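Presented below is the structure to which this report refers.
Chains as they are written, first to last, in the numbering used here: chain A, 1 to 279; chain B, 280 to 558.
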């Protein structure tokens, strides 16, 4: 099926969509950044809303789900896959790259590069789901690239539900954020990595809670830039005269997910289709 | 040996386990109540932790998951099925009863009966997941049984994550509970139904937040009593000389779920096995 769908010319291949997947609609923060940077790209997005969240589940289960997500994208003939989910990037990326020949990018490398773009970065805090923190993928990637870093990972499992419920402005959210941030602030972090695609929506609140001078690294923007460099290197950029489209698939449809999709994308997501994963 | 008089085949059927399923480990509050009331019963419990929560997902998806859960229990030869999940009871129970011949009980009827056991109950508040509230299953069951009731349903989607994170004692939980309870208290409820298997753990906090005299109805205990009546009626009670066992299956295993299972069950859950659902 995938090979039959691939057009013969290079222009044809470059016109095929970029495939994104996430446990839900949080990965649309990455899509939005990609659309801003590369408006010619066609995008096919899969959100596994029927089985979300991934962040609290075991590595084996996350790897199995990620595998099914990638297979769905490949049957739709994507030219590259972006794992727009920190938990899946943290647990599944190496294995996905072993199993599939299509270029597969995660959100971790981009975020780590951006965090270390500041040569003065020394004390780095990471907030993420429990799955991402426990994987030590960020901690490992940071430590590999610069010696002497002081790294503090903080699991923040209540932030995804709070964002999904749109309690962003609520005092309870501030209170919960304070509990998560306190140990990081106590350790004098100079950089805070938002290692979950839901967290960019919390940036305004985070800024009021962190001491001045703490740099926020948001993986959505950095991932888009990283993707652009990779597509350029692989000669896979879409033709510049093309107007990119967005096709959105979710494994469970509901009004709440549609509202959230609009919020993450900051515009209408258009028609949303239900995806049935092949298992 | 009181059950020695039973024919061998009946005794065999009665000794087979009761099957319970829930989206996660919250349904173990029901299991605990059943073990206290009917210690001879063998219990087989399935928690669909790989796909939890159900409460935020669409009716179609919940029905599909519930169907797969029941099939898993039936392949293990259970004598009856308890839908120990309010969301699944609310959306899937009628269809499950149509499809399968084994006795299938939900948590709603029992809770509604208990709420109305007080003849003075007039203003009934319900807190539950968004899925349960939106199904109107509780509201409908109450209204069918007594005319003139004033019923207020309040979706409380953040309570499950807060309980699962064990933030039960935290001020943020109190603050969030206040937001959910305020509209119910304003309407002068005399009864509050805890229509989610996670909520019994919140009873101590709830008691400090509600005006005196509001009666709490917790579906775990009532469901156990309802089940005992049904098993008696169907002549399906386990032989009294038997010591009941618990077999626990989860679709995703993790340390967090094991800890939670212990918390809900108030004792060690024993060995937990991983369930693979047939789809």
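Yeah, the Cβ is synthetic: ideal placement off N, Cα and C, and Gly gets one too. What you are looking at is a predicted structure, and each value in this text was computed from that prediction instead of being measured.
Starting from residue 248 (chain A), follow the beta strand (DSSP E) in both directions and report where the run begins and ends. Note, residue 248 (chain A): beta strand (DSSP E), 246-250.
Cβ-Cβ separation, residue 46 (chain A) to residue 72 (chain A) (assumed contact under 8 Å), whole Å: Distance from residue 72 (chain A) to residue 46 (chain A) at the Cβ level is roughly 6 Å; contact confirmed, criterion being Cβ atoms closer than 8 Å.
Does residue 455 (chain B) come within less than 8 Å of chain A when only Cβ atoms are used? Residue contact with chain A for residue 455 (chain B): present (Cβ-Cβ distance below 8 Å to some residue of chain A).
Any chain A beta carbon closer than 8 Å to residue 538 (chain B): It does not: the Cβ of residue 538 (chain B) has no partner Cβ on chain A nearer than 8 Å.
Run through chain B and tell me which residues come within less than 9 Å of residue 135 (chain A), C-beta to C-beta. None at all; the shortest Cβ gap to chain B is about 13 Å.
Short-range partners of chain A found in the stretch 322-334 of chain B, where Cβ spacing is below 8 Å: The residues in question are 328, 329, 330.
Keeping to the same chain, check which residues put their C-beta closer than 6 Å to that of residue 231 (chain A); ignore five residues upstream and five downstream. Closer than 6 Å at the Cβ level, and outside the excluded window around residue 231 (chain A), lie 237.
So residue 323 (chain B) and residue 526 (chain B) are in contact, right, with Cβ under 8 Å, and what is the actual spacing, rounded? Separation of the CB atoms of residue 323 (chain B) and residue 526 (chain B) is rounded to 5 Å, and the pair is thereby assigned contact status at 8 Å.
Determine, for residue 340 (chain B), whether the minimum Cβ-Cβ distance to residues of chain A falls below 8 Å. Judged by the 8 Å Cβ criterion, residue 340 (chain B) is in contact with chain A.
Taking 8 Å as the cut-off, does the stretch 139-152 of chain A touch the stretch 419-430 of chain B (at least 3 CB pairs, one atom from each stretch)? Under the Cβ criterion (8 Å, minimum of three pairs), the stretch 419-430 of chain B does not count as touching the stretch 139-152 of chain A.
Nearest by alpha-carbon distance to residue 492 (chain B): which of B:528, B:539, B:403, B:455 is it? When each option's Cα is compared against that of residue 492 (chain B), the closest is B:403.
Other residues of its chain near residue 264 (chain A): CB distance less than 6 Å, five sequence neighbours each side excluded: The residues are 25, 28, 29.
Which residue marks the beginning of the alpha helix (DSSP H) containing residue 178 (chain A), and which one marks its end? 171-186 is the span of the alpha helix (DSSP H), which, as asked, contains residue 178 (chain A).
Residue 290 (chain A), enclosing alpha helix (DSSP H) - first and last residue: Since the displayed chain A opens at 1 and closes at 279, residue 290 (chain A) lies outside it and no answer follows.
Does residue 13 (chain A) have its Cβ less than 8 Å from a Cβ in chain B? No, its Cβ sits nowhere closer than 8 Å to a Cβ of chain B.
Simplified DSSP assignment, three categories, for residue 566 (chain B): Nothing can be reported for residue 566 (chain B), as the shown portion of chain B is limited to 280 through 558.
Among the candidates A:165, A:74, A:197, A:216, whose CA atom is the shortest distance from the CA of residue 181 (chain A)? Nearest option by C-alpha distance: A:216.
Could you please give me the residues that DSSP links to residue 273 (chain A) through a beta bridge? Looking at the DSSP output, residue 273 (chain A) bridges to A:249.
Below 8 Å on the Cβ atoms is my contact criterion, and I expect residue 155 (chain A) with residue 176 (chain A) to pass it. Report the Cβ-Cβ distance as a whole number of Å. Not confirmed; about 12 Å, so no contact.
Would you say residue 183 (chain A) lies against chain B (beta-carbon separation less than 8 Å)? No, because no Cβ of chain B sits closer than 8 Å to the Cβ of residue 183 (chain A).
Span of the alpha helix (DSSP H) holding residue 209 (chain A)? 203-209 is the span of the alpha helix (DSSP H), which, as asked, contains residue 209 (chain A).
7 Å Cβ shell around residue 446 (chain B) - same chain, five flanking residues per side excluded: The beta carbon of residue 446 (chain B) sits closer than 7 Å to the beta carbons of 452 from its chain, once the five residues preceding and following it are set aside; these are given in chain order.
Along chain A, which residues have their Cβ under 8 Å away from the Cβ of residue 535 (chain B)? Residues of chain A with a Cβ closer than 8 Å to the Cβ of residue 535 (chain B) are, in chain order, 56, 130.
Going along the stretch 132-162 of chain A in order, which residues come within less than 9 Å of chain B, judged by CB to CB distance? Answer in chain order: 157, 158, 160, 161, 162.
With 8 Å as the threshold, decide whether the Cβ of residue 532 (chain B) is near any Cβ in chain A. For residue 532 (chain B), the nearest beta carbon of chain A is closer than 8 Å to its own beta carbon.
Report yes or no: is there a C-beta of chain A within less than 8 Å of the C-beta of residue 444 (chain B)? Closer than 8 Å to some Cβ of chain A, the Cβ of residue 444 (chain B) qualifies, so yes.
Using CA atoms only, rank isn't needed, just tell me which of B:521, B:336, B:536, B:354 is closest to residue 293 (chain B). Ranking the options by Cα distance to residue 293 (chain B), first place goes to B:521.
Return the CA-CA distance between residue 2 (chain A) and residue 478 (chain B), expressed in angstroms with no decimal places. Caution is warranted here: a pLDDT of 45 is assigned to residue 2 (chain A), below 50, making its placement in the model unreliable, and the coordinate value is therefore given only provisionally. Approximately 48 Å, taken between the alpha carbons.
Bridge partners - residue 237 (chain B), DSSP secondary structure assignment: Outside the shown range of chain B (280 to 558) lies residue 237 (chain B), about which nothing can therefore be said.
Cross-chain neighbours of residue 171 (chain A) in chain B, by beta carbon under 9 Å: By Cβ distance, chain B contributes 451, 454.
Residue 90 (chain A) (DSSP reduced to helix, strand or coil): In the structure shown, the three-state DSSP call for residue 90 (chain A) is helix.
Bounding residues of the alpha helix (DSSP H) (the contiguous stretch that carries residue 108 (chain A)): Boundaries of the alpha helix (DSSP H) harbouring residue 108 (chain A): 108-116, taken from the DSSP string.
Given residue 487 (chain B) as reference, the closest of B:457, B:499, B:368 once Cα atoms are compared: Ranking the options by Cα distance to residue 487 (chain B), first place goes to B:457.
Cβ-Cβ distance between residue 91 (chain A) and residue 135 (chain A) below 8 Å: Yes, the pair counts as a contact, with Cβ atoms nearer than the cut-off.
Skipping 5 residues on each side, what residues in its chain have a beta carbon closer than 7 Å to that of residue 374 (chain B)? Within its own chain, the residues whose Cβ lies closer than 7 Å to the Cβ of residue 374 (chain B), once the five positions on either side in sequence are excluded, are 342, listed in chain order.
Could you tell me the alpha carbon to alpha carbon distance between residue 378 (chain B) and residue 298 (chain B), rounded to whole angstroms? When rounded, the distance between both Cα atoms is 16 Å.
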